[in-house]
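Novice: Right, I'll just put the structure down here and ask away after.
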Amino acid sequence: MTAPTYDLGKLHGGLRLPGHKESSTREPILDVPVPANVVLPIEQHVGEPAQPVVDVGDRVLKGQPVAEPDGEMGVPVHASTSGTVVAIEQWPVSRRQGGKAPCIIIESDGLDEASAKQDIADYRKIEPADLLLRILNGGIVGLGGAVFPTAQKLMQARTGETEYLILNGVECEPYISCDDVLMRERSTEVLGGAQVLLHALQVNTCYVAVESDKPEAIARLTEALADLDDERIVIKQVPTIYPSGGEDQLVQLVANREVPSGGLPTDVGCIVQNVGTAAAVYDWIVRGEPLISRITTVTGDGIANPTNVRSRIGTTIADIVNCTGGYTDRANHLIIGGPLTGKSVSTDEVPVVKASNCVLVVAKSTYTRGELPCIRCGDCAAVCPVQLLPQQLFWHACADDEKQLRDFGLTDCIECGCCDLVCPSHIPLTANFRIAKGRIRELADEKARAERARRRFEARNERLEREQRERDDELARQKDAAKTAGPAAIAEILKRKQRKDEDSSS
Numbered sequence: 002m003t004a005p006t007y008d009l010g011k012l013h014g015g016l017r018l019p020g021h022k023e024s025s026t027r028e029p030i031l032d033v034p035v036p037a038n039v040v041l042p043i044e045q046h047v048g049e050p051a052q053p054v055v056d057v058g059d060r061v062l063k064g065q066p067v068a069e070p071d072g073e074m075g076v077p078v079h080a081s082t083s084g085t086v087v088a089i090e091q092w093p094v095s096r097r098q099g100g101k102a103p104c105i106i107i108e109s110d111g112l113d114e115a116s117a118k119q120d121i122a123d124y125r126k127i128e129p130a131d132l133l134l135r136i137l138n139g140g141i142v143g144l145g146g147a148v149f150p151t152a153q154k155l156m157q158a159r160t161g162e163t164e165y166l167i168l169n170g171v172e173c174e175p176y177i178s179c180d181d182v183l184m185r186e187r188s189t190e191v192l193g194g195a196q197v198l199l200h201a202l203q204v205n206t207c208y209v210a211v212e213s214d215k216p217e218a219i220a221r222l223t224e225a226l227a228d229l230d231d232e233r234i235v236i237k238q239v240p241t242i243y244p245s246g247g248e249d250q251l252v253q254l255v256a257n258r259e260v261p262s263g264g265l266p267t268d269v270g271c272i273v274q275n276v277g278t279a280a281a282v283y284d285w286i287v288r289g290e291p292l293i294s295r296i297t298t299v300t301g302d303g304i305a306n307p308t309n310v311r312s313r314i315g316t317t318i319a320d321i322v323n324c325t326g327g328y329t330d331r332a333n334h335l336i337i338g339g340p341l342t343g344k345s346v347s348t349d350e351v352p353v354v355k356a357s358n359c360v361l362v363v364a365k366s367t368y369t370r371g372e373l374p375c376i377r378c379g380d381c382a383a384v385c386p387v388q389l390l391p392q393q394l395f396w397h398a399c400a401d402d403e404k405q406l407r408d409f410g411l412t413d414c415i416e417c418g419c420c421d422l423v424c425p426s427h428i429p430l431t432a433n434f435r436i437a438k439g440r441i442r443e444l445a446d447e448k449a450r451a452e453r454a455r456r457r458f459e460a461r462n463e464r465l466e467r468e469q470r471e472r473d474d475e476l477a478r479q480k481d482a483a484k485t486a487g488p489a490a491i492a493e494i495l496k497r498k499q500r501k502d503e504d505s506s507s
């Protein structure tokens, strides 16, 4: 069975890239055994890090919250197996800038004993607001890489006039295939999650977007949709062009609506969720299992047996690679994520987190090129999906010109790396833009701090001036009273003033 075709919007720029996905999709998803230890970073989402609610020495159960959100923008972190908390300490994580972050380390007891599940109820009988709260408690975030808390994203969409839910099954970056195999093997859960999300949003249309080069995934989804017989859900094929999986680009392709500069898909009546996120919502709301595992692609010429694995959150890359057959003799460069948007790390002791969609191991020479001066060819502008001028942004980034960077739309850059790929001078444009964005954020923070300090200073001055005016007014009233009062009254006024001065000095 194949899905019907539809008229789609157009995507500016982009590239047709070799997929390099055949080797990792030959076999079914491999389940990684429970490791001896799981390492759970308390920060696995956009927003404030969660705060530990367990101590060293505590025994925990699978699915038990071990860290709770601190503030409105956050989600809990759950134990991915049963065992004992042996440390809460800094541990290497897959941050772009490298380094360590606070983690809860659990020594597995081998029992994999689960905590009591939440009461399972028919989600269709749950009020949307209560359903959103349940989704929040499941620790679910966007599994496409953005890791924005799913419940908060849904709440924001509920405040506007949202018309379309778009499930993103467009896996356009080379090597990554975890969503493809998810749609092949768990299509029912993906579409079931779509139904839960439709009820939570109170929306009547869901588009499941899948690239045209994924015929098996499209076939499985089509079969599952026929069984569900839900007319609200429509499967849409999109062209295999990178980066068609970006949120704004997908809205343009599927809904033929353009997200405004600096805006969100909800500004044009759309909300985008990853297919993995939808499956995680289904697992939590229908089956009572929080987000404690995910599917990750393990691939590259440095991996002996490329495949997709399902592993517990907190399993180290070393444990996963050992399960897939180990490294080849070419392995010398480790990337968490894809070759264009991933993060290079220096150790395989980093754990899999909610954002870990791919472990890519390659020969470093594959991605090492010498940088040459810009020849002003304009190729970067031709492929930019956001229709920016990367060449000029690069000049302004080198000059650290914040105003020009803003004027030329740096904040709209999605860091897809298309400009890097076509640059004949091998200039790392995306890296320069990422650094420039960081500087702009720092300047914005400094301005915000200065503005807060200015307001505090002005408020203090206003308070002091007000108090001085009140003292002057009081003194004037006393003088007026003294003019009309007799000697005894004057003496009493002077005594009161003396007592007040003594109280003030003490």
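Residue numbering for the sequence shown follows our numbering, starting at 2 and increasing by one per position.
For every residue, glycine included, the Cβ atom is placed at its ideal position computed from N, Cα and C.
Between the beta-carbon of G301 and the beta-carbon of V363, is there less than 7 Å?
Specialist: Contact flag set, yes.
Novice: Given 6 Å as the limit, tell me if L198 has its C-beta closer than that to any heavy atom belonging to the ligand HEM.
Specialist: The ligand HEM is not part of the structure shown, which contains no ligands of any sort.
Novice: Mapping DSSP to helix, strand and coil, what is I106?
Specialist: Strand at I106.
Novice: Is the separation between the beta-carbon of L18 and that of Q250 shorter than 7 Å?
Specialist: No, Cβ-Cβ distance for L18 and Q250 is not below 7 Å.
Novice: Among the residues of its own chain, which have a CB less than 8 Å from the CB of L202, if the five just before and after it don't count?
Specialist: Closer than 8 Å at Cβ, skipping near neighbours: P129, L155, A158, R159, T163, L166 and I272.
Novice: Expressed to the nearest angstrom, what Euclidean distance is found between the alpha-carbon atoms of P77 and T151?
Specialist: C-alpha separation (whole angstroms): 12 Å.
Novice: Cα-Cα, which of P374, V204, D413 and I234 is closest to V260?
Specialist: Of the candidates P374, V204, D413 and I234, the one whose C-alpha sits nearest the C-alpha of V260 is D413.
Novice: CB G170 to CB A195, shorter than 7 Å?
Specialist: Their beta carbons are not under 7 Å apart, which means G170 does not touch A195 by this criterion.
Novice: Where does T189 fall in DSSP's three states?
Specialist: Of the three classes helix, strand and coil, the one that applies to T189 here is helix, per DSSP.
Novice: Buried or exposed: D284, going by 16 or more other Cβ atoms within 10 Å of its Cβ?
Specialist: Buried: at least 16 other Cβ atoms inside 10 Å.
Novice: Counting only runs of 3+ residues fully inside the segment 199-253, write out the beta strand (DSSP E) ranges in chain order.
Specialist: List check, beta strand (DSSP E) in window: 206-212 and 234-239.
Novice: When the Cα of P175 is compared with those of A432, I136, D474 and C417, which residue comes out closest?
Specialist: Of the listed residues, the one whose Cα sits closest to P175 is C417.
Novice: Do T298 and N309 count as a contact pair if the criterion is CB distance below 7 Å?
Specialist: Taking 7 Å as the Cβ cut-off, N309 and T298 qualify as a contacting pair.
Novice: Could you give the DSSP three-state label for G58: helix, strand or coil?
Specialist: It is coil, neither helix nor strand.
Novice: If P386 sits next to G111, beta carbons under 8 Å apart, how far is it from one beta carbon to the other, in whole angstroms?
Specialist: The Cβ separation is near 48 Å, so there is no contact.
Novice: By the 10 Å Cβ neighbour count, where 16 or more other Cβ atoms means buried, how is R497 classified, buried or exposed?
Specialist: Exposed, by the Cβ-count rule.
Novice: When you compare only the Cα positions, how much space is there between Q499 and R478?
Specialist: Those two C-alpha atoms are separated by around 16 Å.
Novice: To the nearest angstrom, how far is it from the Cα of C179 to the Cα of A454?
Specialist: When rounded, the distance between both Cα atoms is 48 Å.
Novice: So which of P42, D59 and E114 has the shortest CA-CA distance to K101?
Specialist: When only C-alpha atoms are compared, the closest one is P42.
Novice: Note down, one range per segment and in chain order, each alpha helix (DSSP H) of at least 4 residues found wholly within the segment 302-345.
Specialist: The segment 302-345 contains these whole alpha helix (DSSP H) runs: 318-324.
Novice: Please tell me whether L361 and G277 are closer than 7 Å, where the distance is taken between their beta carbons.
Specialist: It is not a contact, given that the beta carbons lie outside the stated cut-off.
Novice: Which same chain residues end up closer than 7 Å to M2 when comparing Cβ atoms and leaving out the 5 residues on each side of it in sequence?
Specialist: For M2, the predicted model reports a pLDDT of 38, less than 50, meaning its position is unreliable; a value from the coordinates is still stated below. Once the five neighbours on either side are set aside, the close Cβ partners of M2 are A220, T223 and E224.
Novice: Decide if the segment 120-138 is in contact with the segment 223-241; the criterion is three or more beta carbon pairs, one per stretch, under 8 Å apart.
Specialist: These segments do not touch.
Novice: Excluding sequence positions up to five away, which residues of its chain have a Cβ less than 7 Å from the Cβ of E217?
Specialist: Same-chain partners within the cutoff: R185.
Novice: Below 8 Å CB to CB, which residues in the same chain sit around L134 once its five sequence neighbours on both sides are set aside?
Specialist: Once the five neighbours on either side are set aside, the close Cβ partners of L134 are A152.
Novice: I believe I107 touches V61 by the beta-carbon criterion, under 8 Å. Please report the beta-carbon distance rounded to the nearest angstrom.
Specialist: I107 to V61, Cβ: 6 Å. Contact.
Novice: How many Å lie between R313 and G139 at the Cα?
Specialist: Each residue's alpha carbon lies about 15 Å from the other.
Novice: To the nearest angstrom, how far is the alpha carbon of G410 from that of L265?
Specialist: Going from the Cα of G410 to the Cα of L265 covers about 15 Å.
Novice: Given a cut-off of 7 Å, decide if I105 and V67 are closer than it, judged by their beta-carbon atoms.
Specialist: Yes; because the gap between Cβ atoms is below 7 Å, this pair is in contact.
Novice: Measuring CB to CB, does K215 end up less than 7 Å from D268?
Specialist: Contact flag unset, no.
Novice: For V86, write down the residues that DSSP places opposite it in a beta bridge.
Specialist: DSSP, once it has assigned bridges, lists I107 as partnering V86.
Novice: Quick check on DSSP: helix, strand or coil for I177?
Specialist: Note: I177 maps to coil in three-state DSSP.
Novice: Would you call the CB atoms of G64 and P291 closer than 7 Å?
Specialist: Cβ distance < 7 Å, so G64 and P291 count as in contact.
Novice: So if DSSP puts H79 in a beta bridge, which residue, or which two residues, is it bridged to?
Specialist: In DSSP, H79 forms a bridge with P66.
Novice: Only counting the same chain, and skipping five residues up and downstream in sequence, which positions put a Cβ closer than 6 Å to that of C324?
Specialist: Only V33 meet the Cβ criterion.
Novice: Please determine, among F149, A279, M74 and P93, the residue with the shortest C-alpha to C-alpha distance to E350.
Specialist: It is P93 whose Cα lies nearest to the Cα of E350.
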